[in-house]
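**Student:** Everything in the sequence shown is counted per the working numbering, starting at 44 for the first residue and increasing by one.
For every residue, glycine included, the Cβ atom is placed at its ideal position computed from N, Cα and C.
The model shown is predicted, which means the values in this text are computed figures rather than measured ones.
Got a structure for you, questions after.
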Amino acid sequence: MKILINFLFFFFITSNLNAANFTLKKIINLNEPWGSAFINDQELLVTEKSGKIKLINLNNKNIKILDHNLKVLEYGQGGLLDILFHDDTVWVSYTEDRGNYKTSTSIAKGNFNKNKIVFKNIFQAHPPIDSPYHFGSRLAIKNDYLFASVGERGQGMIAQDATKHPGSIIRIHLDGKIPKDNPKFMDKKDWLPEIFQIGVRNPQGLTFSTFDQKIYISNHGAKGGDWFGEVKKGENYGWKILGWGGINYSGTKIGPKWKPGFTKAIKYWVPSIATSAITIYKGNEFNEWNGHALITSLKDMSLRKIDFKNLENVKEEIIFERKIGRIRDIQVHPKNGKIYFLSKKNLWIMEKV
């Protein structure tokens, strides 16, 4: 009996918040998963940093490894990163070996196939850089547009140079073509044509909200200065002119938290929580959360709920922390609204009791 009790405690973690009991249940073992995407209400695609794409059947827990042709380099913080599925098509962001010890955050597209996906690059961040840091990278779809976050590779002020991709938000069409109303074709003549916004550091959360039709982002600061905010066309979040409340790891100052002329985030965290993935919740399981942002953390291993309907009174609530390890990704089940998380070694499900 004691063994059974210990077994159940290991697999189920219960909590009581918002007057709603919920469980966190570990359902599948993985190896450094990074991104995930539902292809239907029974199957989930998951990327692993090493380069594997796995198709998981949530009913029978079967895992199938899909073959692909990507040249993924697992290097420092890089590897196979985010994944999206839409209309029988798959998009991925990944660390691409560009030769001579240089890499880029690249995006590829392929037709979905349960045996092998043949990908073709539709974007490569320029220039390729010899650095193991700050690749980003999340993907989101809005209408016929693909948004992607590209980290500044630890290069700081490169995020202010719009003639280079690192440290920016990218907007391209789903087939890789460049929208004719991107900033370069409006009032930012010196910007690269794919760039939609500049001044980010290491953005690992990006999502589309069906409630207001906006794209939202989360970003790692340095020692302090993580934030959650809106993606805005032609604007600048300010890295590394701004420090967003944080300082360099050496202890030296970076710059002010914010100043006029730069995009202001909705929510800042000082000290850092190491924001990772985000979603704007929509579903039935936790219907009282509809329209709220759910933000996951690597450092304090937490799920945070942000009510930002009133930007003058943004409300944050910690749903849980230090329960399932470092949380890399979050997905809401498209049918029932239950929440799925990727931790360092596992896939978890959160549901009401």
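From the DSSP output, in three-state form, read off phenylalanine 155 for me.
**Tutor:** Coil, per DSSP.
**Student:** What does DSSP give as the partner residues of isoleucine 323 in its beta bridges?
**Tutor:** Answer is Ala336.
**Student:** Helix, strand or coil: which one does DSSP assign to proline 76?
**Tutor:** Of the three classes helix, strand and coil, the one that applies to proline 76 here is strand, per DSSP.
**Student:** Less than 8 Å separating the beta-carbons of arginine 371 and leucine 385?
**Tutor:** Taking 8 Å as the Cβ cut-off, arginine 371 and leucine 385 qualify as a contacting pair.
**Student:** Please list, in chain order, all residues of the same chain as serine 174 whose beta carbon is under 8 Å from its beta carbon, the five residues on each side excluded.
**Tutor:** Once the five neighbours on either side are set aside, the close Cβ partners of serine 174 are Gly119, Thr146, Arg196, Gly197 and Gln198.
**Student:** What runs of the alpha helix (DSSP H), each 4 residues or longer, lie entirely inside the region 339 to 370?
**Tutor:** Here no run is fully enclosed.
**Student:** Looking only at its own chain, which residues have a Cβ that is under 6 Å from the Cβ of lysine 107, when we skip the five neighbours before and after it?
**Tutor:** Contacts found: Leu98.
**Student:** Taking the alpha carbon of lysine 378 as the point to measure from, which residue in Ile82, Gly334, Ile338 and Phe65 has its own alpha carbon closest?
**Tutor:** Checked all of Ile82, Gly334, Ile338 and Phe65; the closest Cα to lysine 378 is Ile82.
**Student:** On a Cα-Cα basis, can you pick out the residue from Phe166, Ile172, Ala168 and Leu123 that is closest to tyrosine 144?
**Tutor:** Tyrosine 144 has its Cα closest to that of Ile172, out of Phe166, Ile172, Ala168 and Leu123.
**Student:** From glycine 142 to serine 149, what distance separates their C-alpha atoms?
**Tutor:** Approximately 14 Å between the Cα atoms of the pair.
**Student:** In this structure, does DSSP put isoleucine 260 in helix, strand or coil?
**Tutor:** Strand at isoleucine 260.
**Student:** Going by DSSP, which residues form a beta bridge with leucine 87?
**Tutor:** Looking at the DSSP assignment, leucine 87 forms a beta bridge with Phe81 and Ile99.
**Student:** Note down the Cα distance separating leucine 354 from isoleucine 309, rounded to an integer number of angstroms.
**Tutor:** So the alpha carbons of these two residues sit roughly 7 Å apart.
**Student:** Does DSSP put glutamate 394 in a helix, a strand or coil?
**Tutor:** Here glutamate 394 sits in strand by DSSP.
**Student:** With a threshold of 8 Å between beta-carbons, can asparagine 154 be considered close to chain B, or not?
**Tutor:** Absence of chain B from the displayed structure is noted, only one protein chain being present.
**Student:** Just the C-alpha distance for threonine 397 and isoleucine 321, rounded to the nearest angstrom, thanks.
**Tutor:** The requested residue 397 does not occur in the structure, where the chain is confined to residues 44 to 396.
**Student:** So glutamate 237 packs on isoleucine 221, CB below 8 Å; how close in whole Å?
**Tutor:** That belief holds up - the Cβ atoms of glutamate 237 and isoleucine 221 are roughly 6 Å apart, short of 8 Å.
**Student:** Could you check where the beta strand (DSSP E) with isoleucine 184 kicks off and where it finishes?
**Tutor:** First-last of the beta strand (DSSP E) with isoleucine 184: 179 to 185.
**Student:** For tryptophan 270, I'd like the list of residues in its chain whose CB is within less than 6 Å of its CB, leaving aside the five on either flank, ordered along the chain.
**Tutor:** The answer, listed in chain order, is Asn262, Trp287, Ala308 and Tyr311.
**Student:** Valine 375 and glycine 326 - do their beta-carbons sit closer together than 8 Å?
**Tutor:** Their beta carbons are under 8 Å apart, which means glycine 326 touches valine 375 by this criterion.
**Student:** Could you name the residues of the same chain whose beta carbon sits closer than 7 Å to that of alanine 38, not counting the 5 residues immediately before and after it, in chain order?
**Tutor:** Outside the displayed range of the chain (44 to 396) lies residue 38, so it cannot be described from this structure.
**Student:** Tell me, which residues are paired with asparagine 389 by DSSP?
**Tutor:** Its beta-bridge partners are Asn72.
**Student:** Buried or exposed for isoleucine 71, please, with buried defined as at least 16 other CB atoms from any protein chain shown within 10 angstroms of its CB.
**Tutor:** Isoleucine 71 should be labelled buried.
**Student:** Contact check, proline 413 vs alanine 168 under 8 Å by CB: the rounded distance?
**Tutor:** Absent from the structure is residue 413, since the part of the chain shown begins at 44 and ends at 396.
**Student:** In angstroms with no decimal places, state the Cα-to-Cα distance between leucine 337 and aspartate 131.
**Tutor:** Taking the straight line joining both Cα atoms gives about 27 Å.
**Student:** What do you get for phenylalanine 228, buried or exposed, if any count of 16 or more other CB atoms within 10 angstroms of its CB means buried?
**Tutor:** Answer is exposed; the Cβ neighbour count stays below 16.
**Student:** Where does glutamine 167 fall in DSSP's three states?
**Tutor:** Note: glutamine 167 maps to strand in three-state DSSP.
**Student:** Helix, strand or coil for asparagine 49, going by three-state DSSP, please let me know.
**Tutor:** Because asparagine 49 carries a pLDDT of 42, less than 50, the predicted location of this residue cannot be relied on, and the following value inherits that uncertainty. Three-state DSSP puts asparagine 49 in a helix.
**Student:** In whole angstroms, what separates the C-alpha of aspartate 224 from that of lysine 275?
**Tutor:** C-alpha separation (whole angstroms): 13 Å.
**Student:** What does the Cβ neighbour count give for asparagine 291, buried or exposed, with the cut at 16 atoms within 10 Å?
**Tutor:** The residue is exposed, with fewer than 16 neighbouring Cβ atoms inside 10 Å.
**Student:** Classify asparagine 245: buried if its beta carbon has 16 or more other beta carbons within 10 angstroms, exposed otherwise.
**Tutor:** Asparagine 245 is buried by the Cβ-count criterion.
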